[in-house]
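Engineer: Residue numbers (our numbering), protein chains in the order written: chain A, 32 to 245; chain B, 32 to 245.
Where is the CB? At the ideal position from N, CA and C, for every residue including glycine.
Here it is, the structure in full.
Number of protein chains: 2
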Amino acid sequence: MTDDAPITLLIVDDHPVVRDGLRGMFEAAPGFRVLDEAANGVEAVEKAAGLDPDVILMDLRMPGGGGVAAIRELTRGGARAKVLVLTTYDTDSDTLPAIEAGATGYLLKDAPRDDLFNAVRAAAEGRTVLSPAVASRLVSAVRGPGAPRNEPLSAREREVLALVAKGTSNREIARELFISEATVKTHLTHLYAKLGVKDRAAAVATAYQRGILG
Amino acid sequence: MTDDAPITLLIVDDHPVVRDGLRGMFEAAPGFRVLDEAANGVEAVEKAAGLDPDVILMDLRMPGGGGVAAIRELTRGGARAKVLVLTTYDTDSDTLPAIEAGATGYLLKDAPRDDLFNAVRAAAEGRTVLSPAVASRLVSAVRGPGAPRNEPLSAREREVLALVAKGTSNREIARELFISEATVKTHLTHLYAKLGVKDRAAAVATAYQRGILG
DNA sequence: AGGCGCATCAGCCGATCGGTTGACGGCATG
DNA sequence: CATGCCGTCAACCGATCGGCTGATGCGCCT
Chain A
32 MTDDAPITLL
42 IVDDHPVVRD
52 GLRGMFEAAP
62 GFRVLDEAAN
72 GVEAVEKAAG
82 LDPDVILMDL
92 RMPGGGGVAA
102 IRELTRGGAR
112 AKVLVLTTYD
122 TDSDTLPAIE
132 AGATGYLLKD
142 APRDDLFNAV
152 RAAAEGRTVL
162 SPAVASRLVS
172 AVRGPGAPRN
182 EPLSAREREV
192 LALVAKGTSN
202 REIARELFIS
212 EATVKTHLTH
222 LYAKLGVKDR
232 AAAVATAYQR
242 GILG
Chain B
32 MTDDAPITLL
42 IVDDHPVVRD
52 GLRGMFEAAP
62 GFRVLDEAAN
72 GVEAVEKAAG
82 LDPDVILMDL
92 RMPGGGGVAA
102 IRELTRGGAR
112 AKVLVLTTYD
122 TDSDTLPAIE
132 AGATGYLLKD
142 APRDDLFNAV
152 RAAAEGRTVL
162 SPAVASRLVS
172 AVRGPGAPRN
182 EPLSAREREV
192 LALVAKGTSN
202 REIARELFIS
212 EATVKTHLTH
222 LYAKLGVKDR
232 AAAVATAYQR
242 GILG
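Here it is, written out as structure tokens:
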């Protein structure tokens with residue numbers, strides 16, 4: 032790939048507004064060429080096969096064809112395209128799966144325009160680009176390839192979690208277990224980290240999926 | 032039972048402090064007689080068989096022998112004793128199970144002393160006594176015998192709930208679904224009512240148990 | 001002896017949640 | 001056509017949560 036050849040793009044997002052915004056942004060900048068758009072993962076895989084873009088800008092969380100699955104399919108299919116994940120809002124729980132699935136970069140849509148351009152150029156060259164928030168998450172999560180993070184919860188943590196699943200507030204949990212509210216919060220913070228979630232609702236969901244509850 | 036015969040009591044609670052408190056309270060008042068105490072459901076069933084108390088004051092949520100199971104066993108065994116449930120803090124999800132299991136009354140420990148006395152007298156006569164909070168829950172839950180309230184969630188509500196289970200905040204859910212945060216909250220309030228829970232964590236738990244999620 | 005995980009606690013903060021009340025249009029059912 | 005459910009939205013409020021920093025004591029393993 033020479034310096035003057037434009038980087039070709041495929042934009043994947045379920046929000047038409049976002050697609051337009053990205054298209055406009057890249058068409059207005061030199062060195063980029065938007066080949067097409069797709070509204071979901073399935074469509075993205077199809078179009079990528081035909082168009083062979085350099086970089087795919089992909090949203091996660093789309094109706095009808097999740098982003099992570101699409102990435103996995105693309106990389107497994109040996110596609111040349113680099114996938115740059117662009118998440119709508121903040122760093123959610125799909126970060127690691129997306130990267131494990133083969134995403135080359137991961138950043139937030141509210142990143143400055145120039146960061147976006149740089150990220151796409153970097154991705155086109157195969158360099159990994161991560162938004163700071165994501166990067167910090169990754170370093171704190173240096174773990175084996177594809178390991179679904181399975182740290183065991185302590186007995187006390189499981190006890191707290193079980194009460195959380197019953198709708199018990201931290202204060203109530205404290206009274207139930209004869210400990211202070213501060214301790215309850217500590218247990219919660221720890222088990223959030225172990226489960227890889229960020230609030231009690233997600234903790235309960237993950238616990239059910241792993242058979243810790245129910 | 033004549034007017035001057037004291038009402039005999041069995042106190043069941045895992046907290047020694049609470050047991051002492053109740054014992055002291057009833058021993059100081061005329062017309063009551065505390066026969067014994069138990070620290071869990073199993074012990075309660077055993078002692079009730081031997082002592083034949085008029086009223087059993089029972090906490091729910093105890094380690095080693097849940098209160099509801101004990102109540103069920105007592106009533107199924109044809110015990111004469113009336114069970115008055117005394118919950119530590121507030122109206123939790125065990126309210127209905129406890130009453131269905133055969134509890135004669137249900138009130139909160141922070142009820143005024145006289146309410147407690149009256150409740151025990153009422154229970155001894157077989158009258159049902161409920162704390163206001165519990166009563167209002169019941170009227171809004173005129174369920175058939177043993178029916179675990181199975182109101183179906185609307186499609187939108189299920190959609191919101193699924194995102195909640197992923198740890199998504201209300202604001203993020205709003206963006207995902209192209210609706211306002213106010214609407215998200217409305218959906219949540221509705222689905223809490225339908226599931227009979229009071230926060231998102233319990234909603235997720237209930238949803239898993241009913242197969243709505245996972 | 002030193003390190004490590006677990007459990008306990010404090011205080012502060014901003015962000016978020018849940019409750020409440022009230023409202024509007026659409027659509028179906030009766 | 002009246003009633004009810006669904007979906008949408010607003011504004012306000014107190015309660016709760018989650019993050020952060022930092023600290024102590026205990027038991028276990030090396």
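Can Thr217(B) be considered in contact with the ligand COA, in the sense that its beta carbon sits closer than 7 Å to one or more heavy atoms?
Structural biologist: Inclusion of the ligand COA in the displayed structure is not the case, the ligand content being empty and no account of it being possible.
Engineer: Give the DSSP bridge partners of Tyr223(B), in chain order.
Structural biologist: The residue you call residue 223(B) lines up with position 192 of the second sequence. The partner list for Tyr223(B) (beta bridge, DSSP) is empty, contrary to what the question assumes.
Engineer: Note down, in chain order, all residues in the region 219–238 of chain A with a beta-carbon under 8 Å from any beta-carbon belonging to chain B.
Structural biologist: Val228, Lys229, Asp230, Arg231, Ala232, Ala233, Ala234, Val235 and Ala236
Engineer: For the putative contact between Gly136(B) and Ala155(B), defined by C-beta atoms under 8 Å, what is the C-beta separation to the nearest angstrom?
Structural biologist: Against the second sequence, residue 136(B) aligns to sequence position 105. Against the second sequence, residue 155(B) aligns to sequence position 124. Gly136(B) to Ala155(B), Cβ: 10 Å. No contact.
Engineer: Any chance you could list the beta strand (DSSP E) runs of at least 3 consecutive residues sitting entirely within the region 49–119 of chain B, in chain order?
Structural biologist: Correct list: 63–69, 86–89 and 113–118.
Engineer: Using a Cβ-Cβ cutoff of 7 Å, what residues of the region 32–65 of chain A are near chain B? List them in chain order.
Structural biologist: none
Engineer: Looking at the C-beta of Lys197(B), does it have a partner C-beta in chain A at a distance below 8 Å?
Structural biologist: For this step, residue 197(B) is matched to residue 166 along the second sequence. With 8 Å as the cut-off, Lys197(B) counts as an interface residue toward chain A.
Engineer: Is Arg103(A) close to chain B, meaning its C-beta is less than 8 Å from at least one C-beta of that chain?
Structural biologist: Within the first sequence, the letter at position 72 stands for residue 103(A). No, Arg103(A) lies away from the interface with chain B (no Cβ there is under 8 Å from its Cβ).
Engineer: From the DSSP output, in three-state form, read off Leu184(B) for me.
Structural biologist: For the purposes of this step, residue 184(B) is identified with residue 153 of the second sequence, where counting begins at 1. If DSSP states are grouped into helix, strand and coil, Leu184(B) belongs with coil.
Engineer: How about Gly245(B): is its C-beta nearer than 8 Å to some C-beta of chain A?
Structural biologist: To locate residue 245(B), count along the second sequence from 1; it is residue 214. It does; some Cβ of chain A falls within 8 Å.
Engineer: Please report how far the alpha carbon of Arg231(A) lies from the alpha carbon of Glu190(B), in whole angstroms.
Structural biologist: One-based indexing of the first sequence puts residue 231(A) at position 200. One-based indexing of the second sequence puts residue 190(B) at position 159. In a straight line, the C-alpha of Arg231(A) is about 18 Å away from that of Glu190(B).
Engineer: Around the Cβ of Pro183(A), are there at least 16 other Cβ atoms within 10 angstroms (buried) or fewer (exposed)?
Structural biologist: Along the first sequence, one-based indexing puts residue 183(A) at 152. Around the beta carbon of Pro183(A), fewer than 16 other beta carbons sit within 10 angstroms, so the residue counts as exposed.
Engineer: What separation, rounded to the nearest whole angstrom, lies between the Cα atoms of Ala178(B) and Val73(A)?
Structural biologist: Within the second sequence, the letter at position 147 stands for residue 178(B). Within the first sequence, the letter at position 42 stands for residue 73(A). Only weak support is given to the placement of Ala178(B): the predicted model assigns it a pLDDT of 35, under 50, and the question is left unresolved by the model.
Engineer: Thr39(A) lies in the beta strand (DSSP E); which residues open and close that run?
Structural biologist: Translated into positions along the first sequence, residue 39(A) becomes position 8. Element bounds for Thr39(A): Ile38 to Val43.
Engineer: Do Gly98(A) and Asp90(A) have their C-beta atoms closer together than 8 Å?
Structural biologist: Along the first sequence, one-based indexing puts residue 98(A) at 67. Along the first sequence, one-based indexing puts residue 90(A) at 59. Their beta carbons are under 8 Å apart, which means Gly98(A) touches Asp90(A) by this criterion.
Engineer: Closest to Lys113(B) by C-alpha separation, out of Ala134(B), His46(B), Glu104(B) and Ser200(B), would be which residue?
Structural biologist: Numbered from 1 along the second sequence, position 82 holds the residue referred to as residue 113(B). Cα-wise, what sits closest to Lys113(B) is Ala134(B).
Engineer: Cβ of Leu194(B) within 8 Å of Cβ of Glu212(B)?
Structural biologist: Here residue 194(B) refers to the residue found at position 163 when the second sequence is read from its first residue. Here residue 212(B) refers to the residue found at position 181 when the second sequence is read from its first residue. No, the Cβ-Cβ distance between Leu194(B) and Glu212(B) is not below 8 Å.
Engineer: Nearest to His221(A) by CA position, among Ile210(A), Phe209(A) and Ala234(A), is which residue?
Structural biologist: Taking the first sequence and counting its residues from 1, one reaches residue 221(A) at position 190. Measuring from the Cα of His221(A), the nearest candidate turns out to be Ala234(A).
Engineer: Tell me whether Val191(A) sits in a helix, a strand or coil according to DSSP, three-state version.
Structural biologist: Walking along the first sequence from the start, residue 191(A) turns up at place 160. In the structure shown, Val191(A) sits in a helix (DSSP, three-state: H, G or I).
Engineer: Grab me the residues of Gly62(A)'s own chain with a C-beta within less than 7 Å of its C-beta, minus the 5 sequence neighbours each way, in chain order.
Structural biologist: Numbered from 1 along the first sequence, position 31 holds the residue referred to as residue 62(A). Pro37 and Ile38, listed in sequence order.
Engineer: DSSP state of Val215(A), grouped into three classes?
Structural biologist: Position 184 of the first sequence, counted from the first residue, corresponds to residue 215(A). Here Val215(A) carries a helix assignment [DSSP, helix/strand/coil].
Engineer: Compare the C-beta of Arg92(B) with all C-beta atoms of chain A and state if any pair is closer than 8 Å.
Structural biologist: Position 61 of the second sequence, counting from 1, holds the residue named residue 92(B). Yes, its Cβ sits closer than 8 Å to a Cβ of chain A.
Engineer: Whole-angstrom Cβ separation of Arg41(A) and Phe57(A), contact assumed at under 8 Å?
Structural biologist: Stepping through the first sequence from its first residue, residue 41(A) is reached at position 10. Stepping through the first sequence from its first residue, residue 57(A) is reached at position 26. Correcting the residue type first, residue 41(A) is Leu in the shown sequence and not Arg. That pair is no contact at about 11 Å.
Engineer: Under the rule that 16 or more other beta-carbon atoms within 10 Å means buried, what is Gly242(A), buried or exposed?
Structural biologist: Position 211 of the first sequence, counting from 1, holds the residue named residue 242(A). With fewer than 16 other Cβ atoms within 10 Å, it is exposed.
Engineer: Between which two residues does the beta strand (DSSP E) holding Leu138(B) run?
Structural biologist: Taking the first residue of the second sequence as 1, we reach residue 138(B) at position 107. Run containing Leu138(B): Gly136 to Leu139, per the beta strand (DSSP E) assignment.
Engineer: Using only alpha-carbon positions, find the residue among Thr106(A), Leu244(A), Ile87(A) and Arg187(A) that is nearest to Val43(A).
Structural biologist: Counted from its first residue, the first sequence places residue 43(A) at position 12. Checking every option, the nearest Cα to that of Val43(A) belongs to Ile87(A).
Engineer: Would DSSP call Val235(A) helix, strand or coil?
Structural biologist: Taking the first sequence and counting its residues from 1, one reaches residue 235(A) at position 204. Correct three-state label for Val235(A): helix.
Engineer: Where do the N-terminal and C-terminal ends of the alpha helix (DSSP H) with Val151(B) fall, by residue?
Structural biologist: Walking along the second sequence from the start, residue 151(B) turns up at place 120. First-last of the alpha helix (DSSP H) with Val151(B): Arg144 to Ala155.
Engineer: Could you tell me which of Glu188(A), Leu117(A) and His218(A) sits nearest to Lys140(A), measuring between CA atoms?
Structural biologist: For the purposes of this step, residue 140(A) is identified with residue 109 of the first sequence, where counting begins at 1. When each option's Cα is compared against that of Lys140(A), the closest is Leu117(A).
Engineer: Would a C-beta distance cut-off of 8 Å place Pro84(B) and Leu66(B) closer than the cut-off?
Structural biologist: In the second sequence, counting from the first residue as 1, residue 84(B) sits at position 53. In the second sequence, counting from the first residue as 1, residue 66(B) sits at position 35. Yes, these two residues count as a Cβ contact at 8 Å.
Engineer: Check the DSSP bridge columns for Val160(B) and list the partner residues they point to.
Structural biologist: Within the second sequence, residue 160(B) is the residue found at index 129, counting from 1. Note: Val160(B) sits in a beta bridge opposite Gly136(B).
Engineer: Going by alpha carbons, who is nearest to Gly227(A) out of Lys197(B), Asn71(B), Phe148(B) and Val160(B)?
Structural biologist: As a position in the first sequence, residue 227(A) is number 196, starting the count at 1. Per the Cα distances, Lys197(B).
Engineer: Grouping DSSP H, G and I as helix and E and B as strand, with all else coil, what is Arg241(A)?
Structural biologist: To locate residue 241(A), count along the first sequence from 1; it is residue 210. In this structure, Arg241(A) counts as coil in the three-state DSSP scheme.
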